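Each remark here refers to the structure printed beneath this line.
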Amino acid sequence: MHDTPYSGRFEAGAHLFALRVYFEDTDAGGVVYHASYLRFMERARSDMMLLAGIDQRGAMERGEGNYVVVEMGLRYRAPGRLDDNLLVVSRMGNIRGASCVVHQRVMRGSETLVEADVSVALIGSDGRPKRQPRHWIETFESLKRDGLN
Numbered sequence: 761m762h763d764t765p766y767s768g769r770f771e772a773g774a775h776l777f778a779l780r781v782y783f784e785d786t787d788a789g790g791v792v793y794h795a796s797y798l799r800f801m802e803r804a805r806s807d808m809m810l811l812a813g814i815d816q817r818g819a820m821e822r823g824e825g826n827y828v829v830v831e832m833g834l835r836y837r838a839p840g841r842l843d844d845n846l847l848v849v850s851r852m853g854n855i856r857g858a859s860c861v862v863h864q865r866v867m868r869g870s871e872t873l874v875e876a877d878v879s880v881a882l883i884g885s886d887g888r889p890k891r892q893p894r895h896w897i898e899t900f901e902s903l904k905r906d907g908l909n
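So in my numbering, the last spot in the sequence shown is 909, and the numbers never skip.
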């Protein structure tokens, strides 16, 4: 028996994170509630970073900072429904000293349900932007180039 949570996988320069739509993710009509997509994408981004070897929890515990979403552009294209099997596809976009952009799509098969550009910035304990560790930037550049395999 394997009790480790699923973290997704890297393939062709993207992080793929599969999930199922549960009742708690839907409205009274069984359609995915719009804010549920934000949780799906957050889980995918967090697991992408963890799988890539970026220890966000350790950085926070050491007082080195944490990521916050500073901007998000979303486009809802089609509704997800109860029991749908979905795939969150995440790709690294623009990478800067203190921030980066992650392009994300929530897919049902070949159909895009939602797409987003998510800008995150590393902030210090004072709440101000802080330069990302060099090895994190190098990891993001590697992910952007061809993913981790």
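For every residue, glycine included, the Cβ atom is placed at its ideal position computed from N, Cα and C.
Note that the structure is a prediction, hence the values are computed from the model and not measured.
Using the three-state DSSP reduction, which class does residue i fall into: helix, strand or coil?
{"i": "Ala795", "result": "helix"}
{"i": "Val892", "result": "Looking at the sequence provided, one finds Gln at residue 892 rather than Val. Note: Gln892 maps to coil in three-state DSSP."}
{"i": "Arg817", "result": "helix"}
{"i": "Glu720", "result": "No answer is possible for residue 720: the residues shown for the chain start at 761 and end at 909."}
{"i": "Ser902", "result": "helix"}
{"i": "Glu824", "result": "coil"}
{"i": "Ser859", "result": "strand"}
{"i": "Arg851", "result": "strand"}
Could you name the residues of the same chain whose beta carbon sits closer than 7 angstroms to that of residue i, not counting the 5 residues immediately before and after it, in chain order?
{"i": "Asn909", "result": "Confidence is the limiting factor: at Asn909 the pLDDT is only 46, short of 50, which leaves the residue's position unreliable and the question unanswerable from this model."}
{"i": "Trp896", "result": "Ile814"}
{"i": "Asp807", "result": "Ser767, Gly768 and Phe777"}
{"i": "Gly823", "result": "Ser885"}
Ignore the nearest five residues each way along the sequence and tell me which others in residue i's own chain have a CB closer than 8 angstroms to its CB.
{"i": "Gly773", "result": "Arg851, Leu903, Lys904, Arg905, Asp906 and Gly907"}
{"i": "Tyr793", "result": "Asp785, Thr786 and Asp787"}
{"i": "Pro889", "result": "Ala858, Ser859, Ala881, Leu882 and Ile883"}
For the putative contact between residue i and residue j, defined by C-beta atoms under 8 angstroms, what is the C-beta separation to the nearest angstrom?
{"i": "Phe800", "j": "Val866", "result": "6 angstroms"}
Under 9 angstroms, Cβ to Cβ, is there at least one residue of chain D near residue i?
{"i": "Pro839", "result": "Absent from the structure is chain D; it holds one protein chain and no more."}
* Using 8 angstroms as the Cβ pair cut-off and three pairs as the minimum, do the region 838 to 847 and the region 818 to 825 touch? -> Because the criterion of three Cβ pairs below 8 angstroms is not met, the region 838 to 847 and the region 818 to 825 do not touch.
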